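In the UniProt record's numbering, the protein residues as written are 1 to 246.
Right, dumping it as structure tokens:
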């Protein structure tokens with residue numbers, strides 16, 4: 001077979017690669033780095049702001065606590081001192097605090113007899129014995145009748161009274177009214193101390209009223225022998241003593 005010269009084979013050229021052009025933009029890179037730096041700066045700024053706010057908040061709390069704690073300490077000390085003062089005042093006023101050992105009596109009546117033979121009756125709206133073995137009995141709205149044989153009784157009443165059984169004394173205070181007796185007297189005062197041994201009523205408070213001689217006024221008084229003898233002492237450098245004997 002003959003070869004056709006017109007169709008003679010020719011070698012095939014190998015495949016060739018187109019070169020890729022890689023370019024570097026320094027301006028863009030700088031922009032990217034600038035944006036990243038700005039973001040970092042903003043983040044750092046936000047963190048610093050948050051830290052500053054937290055620090056200010058803690059500072060305010062610490063400042064508040066520094067003010068509150070001393071105030072609480074001072075208030076506590078004032079409360080303690082005030083309570084001590086109140087307790088002292090209450091104790092000095094002999095304020096009664098009820099307890100199970102106290103004995104209360106409604107419409108009480110106490111009977112007795114003086115060494116001279118006079119009979120007495122002490123009564124009131126309420127009586128309180130402060131303890132089973134307490135010698136003192138408090139009487140609210142007290143009244144007393146002191147009577148001798150064949151004579152008019154002496155009557156006494158007031159707002160509050162204290163009956164001391166061992167000492168045989170009866171003390172009445174507040175709007176005290178004394179009347180009756182053989183001399184038919186009527187007096188008003190703020191204090192009356194009755195000695196149940198001797199049938200004597202005395203007081204160191206001003207007294208005013210009426211007796212057999214008319215109107216009488218003085219600074220202290222003694223009514224003895226169940227009203228048979230009345231002595232009233234005046235005030236001033238020239239003290240006046242009025243004695244009425246029956």
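Think of the CB as a built atom: it goes at the ideal place given N, C-alpha and C, for glycine as much as any other residue. Bear in mind that the values here come from a model prediction, so they are computed numbers and not experimental data.
CA-to-CA, the gap between residue 73 and residue 67 works out to about 10 Å. Sorting 63, 80, 112 and 147 by C-alpha distance to the C-alpha of residue 228 places 147 at the top. The way I'd put it, the segment 69–84 doesn't touch the segment 142–160; fewer than three beta-carbon pairs between them come closer than 8 Å.
Between residue 194 and residue 213, the alpha-carbon positions lie close to 24 Å from each other. Taking 8 Å as the cut-off, the beta carbon of residue 163 is found closer than this to the beta carbon of residue 122. Nearest to residue 144 by C-alpha distance, out of 65, 217, 176 and 116, is 176.
Residue 186 is bridged by DSSP to 179 and 210. Here residue 191 is near residue 205, since their CB atoms are less than 8 Å apart. Linking residue 183 to residue 78 through their CA atoms gives a straight-line distance of about 59 Å.
Counting every other CB atom within 10 Å of its CB across the protein chains shown gives residue 135 a total below 16, marking it as exposed. Nearest neighbour of residue 115 by Cα position, chosen from 198, 211 and 216, turns out to be 198. Taking a 10 Å sphere around the C-beta of residue 108, we find 16 or more other C-beta atoms and assign the residue as buried. Here residue 129 is buried: its Cβ has 16 or more other Cβ atoms, across all protein chains shown, within 10 Å. Just measuring C-alpha positions, the residue of 104, 87, 43 and 112 sitting nearest residue 165 is 112.
Per the coordinates, the alpha-carbon of residue 173 lies some 14 Å from the alpha-carbon of residue 137.
Residue 164 sits in a strand when the DSSP states are folded into three classes.
Residues 216, 218, 221 and 242 of the same chain have their beta carbon placed closer than 6 Å to that of residue 232, with the five preceding and five following residues left out of the count.
The alpha carbon of residue 140 has as its nearest neighbour, out of 125, 133, 38 and 69, the alpha carbon of 125.
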